Structure formats: structure tokens, C-alpha cells
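All letters in the sequence shown, in the order written, are residues -33 to -1, 1 to 650 by mature numbering (1 follows the signal peptide of the UniProt record, and there is no 0).
Read through the structure below, which is laid out as C-alpha cells, and then see the notes.
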Amino acid sequence: MNEDRKKRGIKNHKILMTVAICALFLGSSNTFAARSTSHENHGVTEQMQSVAVNVLVVDAQGEPIIGANVVEKGTTNGGITDINGKIRMNVTAGALLQISFVGYTTQEIKATPNLRVVLKDDTELLDEVVVVGYGSQKKENLTGAVASVNVNQTLEGRPIADIGRGLQGTTPGLSIQVPSGEVGSDPIIKIRGQIGSIEGEATPLILLDNVEIPSIQMVNPDDIESISVLKDAASASIYGAKAAFGVVLITTKKGAKSDRVNVSYQGNLSFQNMAKEMKMGQFNALEYSVEAMKRSGKTATGGISFFMTESGLERAREWQNKYGGKLGPDDPYVYGRDWYVDANGRNIGLRTFDPYDYMIREWAPTHSHNVSINGKSGKTTYNIGLGYLHQNGMMKPAKKDDFTRYNASVRLSTEINKYLTIRAGSIFSSRDKRYPYSTSSTTADPWLYLYRWGPNMPLGVNEDGNDLRSPWSETKQANTASQVDNYLNISLGTTVNVTKDWKFDFDYTYANETGVIKKPGTRYSAANAWSAGVPRTDANGNQIYVNNLGQQVDAAAEGAMPAYKLPYEEYTPHGSNPDHIYRKSSGARRHTFNATTDYNWQINDDNNFKFLLGMNLVTYDYEDNWSQITDLTDITNPQFDLAVGTQTASGNQKWEGQMGYFGRINLKSATKLFSVLLASKRP
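Put into C-alpha cells, the structure is as follows:
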């Protein structure tokens, strides 16, 4: 009888999932984006003797499964089945296909031209209890789109800096990007697409134990008990308008179930490198540029101050044959060998550079340490967590490029009697991000600067040991900026059990957030690669001559040429960006009160009735102020009292409050599931 009920529940679950995915498939543009990605991958697999396969995915009753994931194992090549349960794709000959869908057991099948795959029910998965808004439910009873993350497999033991990076690629419909790649930068989280509101916002609501937090990055992965992602209105609407773009629910560990003390330590040392080295165009880029130059009827091509001509290209080819792959970042930029000034006064760069060698630090280390103490004494449970993370960045010339985080958490709960349980807790997080403050009005940040850096624009130092003006030199000379964010919350709560099926929960949390941003600027000095070359003279003012190896020779020697150099100068004007010091401090306080009551009535073996009623009250006040002064008198030690330029200051203050009422009714019978969500939020 129980087995029959379970099968009926599975069937109802599949019907609900089919309806939901039909709506998604017909109404979302994400399907087309996924198909586009698949086509891009096809272009790669075709070079590896790809074959076309037609896959039909059905359930045990032969019904097509809509939205099943079909992926070539070991690659990102894949897609989802259409409304008929079909997909056509190109894969490598002999590849294994992984077919998966919520509620079914994943299968691996060798690719053949025509495949009919029957997915079997995963009854254990449907019995799994997942966290939803202000409660938990079995997956088979869900009517909304809720994804539960397997924390043990996804986060534990992995060398990740934060939860966001750990969730990348783990949950369908959850997109996580780290656009800048910088250590300590907040990941961008999107649920079911990238389209936002009319104001451009598309950020999901992130809740830690039902309390909104400013950043998912502040949470220690070792403190996490469970993570649920609410993807649609049916599951997220209980949180009101703030949940318009989905909800990420994070629940922390509370305590042990056995009467003993458990102490655990987890340490991790890892090294990060570029996932894929982006090869920049070098000599071949010069060839393409010269070919385009000839077709446009010009005599020189290039930008800023270094150019290429037809005759210069031949000399660059000779340089490539003689020095290509032999000179690196430690070798200076030498006139005569690596560049020259032509008869028209143009700088002609012969040597090509790979910015990767100058800007990227390979195998940057990261280490983390976590200590957890939990236990139970009588009817009291407790959990204490301590965490430390230090991550080095990959910006090679920077004085400091790293991220440090400290975490501490305490959770305590005690059962006074069978009617009353009280609990308390606190979470602390401190994050410190340090990076080179190398931005200026002409060069933006060093990575954007590199995008427009031609292959023959110089990097490194010249023959005198002076830095050449470049993204490398500005990052090297930049002072270190920092951003410190601290978060502390204190929570109190109680549970009142009226009967074994009816209870009330009351929880209050006070959270305090502080932040300080410091940006100490500088003025840059270097051999100015943005300027024309100037004659190089000796101490008596006489012209120096060199040969094509850059060696100084007599003016009458064979192959002698007048030597030039790039002028060494402080090219940042006083008072212009980034010749300043900037400081911003901010503070915020959040009060959150949640009150809920829920009743669970098991009518009989086949019928269950459950309802939830509650209220949520949140107040939030924020203020910040910043100040900046230009024209530093000491660029090695920027201070407000050591600057003499224009001072500006400003600030901001805001307050907001929200009170809402919500409810949820779930009715399960042997043949049907019924769920109603009600929510009303008032600012």
C-alpha cells in the first residue's frame, strides 16, 4: 500500500514538473541561449570526428520527459530535451552521454545515431526533505521549482573561497559569474536568466537563516547545513517583492544529535592558475595589420606611439626568427635590437610581447583553516565554528593582491520542557580585500588597459633599468587600496509547542554592517612609451650610435645608427587622477523579526493537511560618508594631511522598513497535491 502511494506521488510530481517545464520551455529565452551554446560547442567537436545523435528521453510509462539534461560526459557540450522529449546534437564518436532529470536516476549510455532512453524513478530523491520559505517539505510534495544543493558533495573539502564560487555549475537555472576574476570580488548570481527590472536589477534575495545578508561571500562554507534555491513565483512569492528574481536560502549548522562533544579541523592548501591561457596575437597580428594597411593605401599602421611598416615587418620577421621565444620579462627593451626610429620619426617596434608573462602570477596559493565544535548536553545543543581564509591574487606586478576572511559563529539551543525551546546565536565575518589602485583617467584598470595594447607596444624595462610606461609599470608602481567589510549579527528565538502537531516560532535578529574603503593614489613615472623617441646622447651631449644588437659602436662602424630612447618623465599631472587619496566609511543596521505558526495534520495514511501563517518585520538604516583630496606631496605615503589640492566630501543616509504577512496551505491526497501561497508586504 505504501509503495502504491509512493508511485502515485511520483506520478503527480512528474505531472507538475512537466507542466512547469512546458511553461519554461515555451516562455523563456534561456532555451534559445542554451541551444546557441550547444552550437558553439559543435564547432569544436566536429574537428574531433563528431557524429550526430538523436535522443528520445521517456519515463517508465513511455511518456516523453521535457527538459531532461543530455550532456556529453567530460565536456560542456549538451542541452535539454524539447516538448517531445527529443534532442539532436553532435558529439565525439564513441562518447558517453549523461542523461538526467529531477526525480529520476541519472544514466550513462554510449552515443549511437538513434537513442531511446528510459529514465527510472528515483524514489529516494522524492523522499528527500528540502528547506523552503519558513519551513521544509518533501520533494514529492513540492509544486514550485525548488533546487536543493548537496552541501557535502558541493562544498566540503573543496578549495573554494566562498559559497558562490562553490555553487558554479551545480544547480540548473542558477548562473554564477565572477566577471573580473579578482580575489575577494562578489560573484554575480542570476536565477533563470539575466533579464532584470526596469532599473536593471536582477539580484536574487539571499537569506541566511531567514535573515537577509549583504553578500554571499561573507559566509564560511564550513558553517553551512543546507542550501535551497527558489526559482519561481510558486516557491519564492512567500518572501514578497524582494524575491522577484528568486531566493537563495542558506541554513547554518545548529548542533549535534548525540550526547558527546565533536571537534573537527579542516585545513586546505591549494594553488590557482589560469583555467585557460589566452594566447594573444603576436607576430601574426603584425602581419595582419600590415596587410590591412596595404589594402587601405596607408604606409604605416599602429597606435599611440609605436607603428609598423612594410620594411619594419621584414625586420620584425628577422627578430622573430632570431629571438622569438628566447627573450622574456627579465630581458630589457633595447634600442637597435628591439625597436628603432625610422626616417619619418616613427617608433617601429620589432619585439612582440605576451602580456601573460608580465601580468599573471602562476600558481597563486590559497590556504584555509576551519575548526568546528558541536555537541549535546542533556537537552542543550551547541555549535561553534571558526574559520580563516587567505587567498593570493594573480596580478603579478602588484605590491599586494590578496583577500583575507575571518569567520566565527555560535549557535545554542535548549529545550526547557516539551512545550518550550529557546535558542540564541551570533555570526561574525570580517573581509579584507587588497589590490593595486592603478586606475587613471587614461588607462582605466590594468586589464582593460591591456585589451588595447598592441603586440609591439613595449612592456618591462629599458636598457637603463627604467620602467616602460605600460599596464605592467602602473600596476607595479600603484599603492595598495583596501576594502574592509565587517558583519555581526545576534539572534534570539523561541519555539512554543502547543501540541505535537501545532507550534509557534518567534525569532529576532540584530545585524550590524560596517565598511571602510581606502584608495591611496600616486603619480606615475616611466620611460614614456606613449611619446616619440628622443636622441640618446653621452655626458658631453654627443649623439650615441648602436648596431642592430643594441651595442654602442662608433658612428663610422658598419650598420651604425643613431640611438634613441623614450623620455623618462612623471607623466601624471599634479592633481589629476589618480593623484589623490580617497576614503569612504559606511555603516548599516538591520532589525529582523519573524513570527510563524504551522500546523501539520496527518488525517490518515493517504491524506495530509498542513498550513503556515506568519509575519515578517524588517527595518534597515544605512549611512556613508567619503572624502578625497588631490595633489599628494608624498606619493609613497599618501595621507590626508600630506596633500595640498582640492578636497571634496559627501555622504548619504537612508532608512527603509517592511512589514509583511504570509501564509501557505498544503493538501496532499492519494491522487492530488494542492498548494496555496499568500503574501502581503508593505513598505
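Where is the CB? At the ideal position from N, CA and C, for every residue including glycine.
Only a predicted model underlies this, so the values are computations on that prediction, with no experimental measurement involved.
First and last residue of the uninterrupted beta strand (DSSP E) at residue i
| i | result |
| --- | --- |
| lysine 221 | Run containing lysine 221: none; DSSP gives neither H nor E here. |
| isoleucine 472 | Reading the sequence as shown, one finds aspartate at residue 472 and not isoleucine. Unbroken beta strand (DSSP E) run through aspartate 472: 469 to 487. |
| tyrosine 307 | 306 to 308 |
| alanine 114 | 113 to 116 |
| glutamate 537 | 535 to 537 |
| phenylalanine 238 | 228 to 239 |
Contacts around residue i, its chain only, beta-carbon distance under 6 Å, and the 5 residues preceding and following it disregarded
| i | result |
| --- | --- |
| alanine 62 | Glu39 and Ala78 |
| glycine 151 | Phe370 and Lys400 |
| alanine 114 | Thr138 and Val196 |
| isoleucine 484 | Gln450 and Lys551 |
| threonine 613 | Thr597 |
| arginine 159 | Gly140 and Lys198 |
| lysine 366 | Thr447 |
| valine 178 | Thr476 and Thr559 |
| lysine 621 | Tyr589 |
| phenylalanine 395 | Ala375 and Leu455 |
| isoleucine 143 | Gly131, Leu134, Gln135, Pro154 and Ile156 |
| residue 651 | This structure gives no information on residue 651, because the portion of the chain shown stretches from -33 to 650. |
| glutamate 441 | Ser405 and Tyr491 |
| asparagine 341 | Gly222, Ala223, Asn229 and Asn350 |
Extent of the continuous alpha helix (DSSP H) to which residue i belongs
| i | result |
| --- | --- |
| asparagine 515 | It is not in any alpha helix (DSSP H) - asparagine 515 carries neither H nor E in the DSSP assignment. |
| methionine 275 | Methionine 275 -> not in any alpha helix (DSSP H); beta strand (DSSP E) instead, spanning 273 to 275. |
| isoleucine 130 | 130 to 133 |
| residue 656 | In the structure displayed, the chain extends from -33 to 650; residue 656 sits before or after that span and is not available. |
| tryptophan 439 | 438 to 444 |
| proline 322 | 322 to 326 |
| serine 202 | 200 to 203 |
Outcome for residue i when other beta-carbon atoms lying within 10 angstroms are tallied against a minimum of 16
| i | result |
| --- | --- |
| glutamate 480 | buried |
| histidine 541 | exposed |
| valine 228 | exposed |
| isoleucine 165 | Reliability fails at isoleucine 165, whose pLDDT of 47 lies under 50, so the model's placement of it is uncertain and no value is given. |
| isoleucine 50 | exposed |
| leucine 122 | buried |
| alanine 523 | exposed |
| lysine 385 | exposed |
| valine 585 | buried |
| isoleucine 130 | buried |
| proline 45 | For clarity, residue 45 is glycine in the given sequence; the question names proline instead. By the 10 Å Cβ count, glycine 45 comes out buried. |
| methionine 260 | buried |
| tryptophan 568 | exposed |
| alanine 27 | exposed |
| arginine 631 | buried |
| arginine 372 | buried |
| arginine 378 | buried |
| arginine 262 | exposed |
| asparagine 633 | buried |
| residue 729 | Because the chain in this structure spans residues -33 to 650, residue 729 falls outside the shown range and cannot be described. |
| valine 116 | buried |
Residue-chain proximity (residue i, chain B), Cβ-Cβ < 7 Å
| i | result |
| --- | --- |
| serine 458 | The chain labelled as chain B is not found in the depicted structure, where only one protein chain is given. |
Cβ neighbours of residue i in the same chain (closer than 7 Å, five flanking residues each side left out)
| i | result |
| --- | --- |
| glycine 312 | Ala499 |
| threonine 348 | Lys221, Gly222, Ala223 and Ser380 |
| asparagine 314 | Ser272, Phe273, Phe274, Trp306, Val308, Ala499 and Gly500 |
| threonine 218 | Val98, Asp176, Glu192 and Ser193 |
| tryptophan 286 | Leu317 and Arg318 |
| leucine -8 | In this predicted model, leucine -8 has a pLDDT of only 32, less than 50, meaning its place in the structure is not dependable; the value taken from the coordinates is given anyway. Cβ within range, chain order: n/a, list empty. |
Spatial neighbours of residue i in its chain, beta-carbon cut-off 8 Å, leaving aside the 5 residues before and after
| i | result |
| --- | --- |
| glycine 124 | Gln233 and Asn235 |
| lysine 293 | none |
| glutamate 537 | Arg490, Tyr491 and Ser492 |
| alanine 610 | His547, Ile548, Ile596, Thr597, Asp598, Leu599 and Thr600 |
Notebook entry, point to check: Are the region 350 to 368 and the region 460 to 480 touching, with three or more C-beta to C-beta distances below 8 Å?
Noted result: no
Check: Within the chosen definition, does the region 433 to 441 reach the region 566 to 575 through at least 3 CB pairs nearer than 8 Å?
Finding: no
Next item on the list: Indicate whether the contact test is met: 3 or more Cβ pairs, each with one atom in the region 579 to 594 and one in the region 492 to 507, closer than 8 Å.
Entry: no
Checklist line | the region 293 to 305 / the region 332 to 347 touching (three or more Cβ pairs under 8 Å) | finding: no
Check: When the Cβ atoms of the region 320 to 327 are set against those of the region 546 to 561, are three or more pairs found closer than 8 Å?
Finding: no
Next item on the list: Could I get the ranges of all uninterrupted beta strand (DSSP E) runs contained in the region 539 to 617, with 3 residues as the minimum, in chain order?
Entry: 547 to 569 and 575 to 597
Checklist line | Three or more C-beta pairs below 8 Å linking the region 377 to 397 and the region 457 to 465 | finding: yes
Check: Quick check: the region 519 to 533 against the region 459 to 470, are there 3 or more CB pairs under 8 Å?
Finding: no
Note to self: Contact between the region 183 to 203 and the region 211 to 218 is defined here as three or more beta-carbon pairs at a separation below 8 Å; is this criterion met?
What the structure shows: yes
Next item on the list: Give, in chain order, every unbroken run of the beta strand (DSSP E) that is at least 3 residues long and sits entirely within the region 383 to 409.
Entry: 387 to 403
Next item on the list: Go through the region 289 to 370 residue by residue and report every complete run of the alpha helix (DSSP H) that reaches 4 residues or more, in order.
Entry: 322 to 326
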